[in-house]
């Protein structure tokens, strides 16, 4: 798995990026990865600017269920197990002056 999390210097919004490379020959695994890509594409079509992250998450979970799959989460920080990752910093609050300075300095 390859992972990167670049930051837009103007807004401070992160741009998480992940890529899974599979070089095996197991058709079941290849099929699950293909289904995962279909789910992601369908969710990208659904998502629009201004939507809440919870609305997008609910749709994603519905698509996963419709494909006959489930998203099982184990979180030591979230007793409801609804936290499937993290929030997007500064998507719900403004950058402080000191935070802006840190981002610009990098």
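In our numbering, the protein residues as written are 2 to 107.
Ideal Cβ placement from N, Cα and C applies to all residues, glycine included.
Own chain residues within Cβ distance below 8 Å of residue i, not counting five before or after
| i | result |
| --- | --- |
| residue 125 | Since the first residue shown for the chain is 2 and the last is 107, residue 125 is missing from the structure and cannot be characterised. |
Where residue i falls, given that 16 or more other Cβ within 10 Å makes a residue buried
| i | result |
| --- | --- |
| residue 16 | exposed |
| residue 32 | exposed |
| residue 13 | buried |
Cβ-Cβ distance between residue i and residue j below 8 Å
| i | j | result |
| --- | --- | --- |
| residue 65 | residue 72 | yes |
| residue 10 | residue 104 | yes |
Presumed contact (8 Å Cβ cut-off) between residue i and residue j, rounded CB distance
| i | j | result |
| --- | --- | --- |
| residue 61 | residue 44 | 5 Å |
Cβ-based neighbour list, residue i, same chain, cut-off 6 Å, excluding 5 preceding and 5 following
| i | result |
| --- | --- |
| residue 57 | 48 |
task: Would you list, in sequence order, the uninterrupted alpha helix (DSSP H) runs of no fewer than 4 residues that lie entirely inside the stretch 32–91?
output: 54–67
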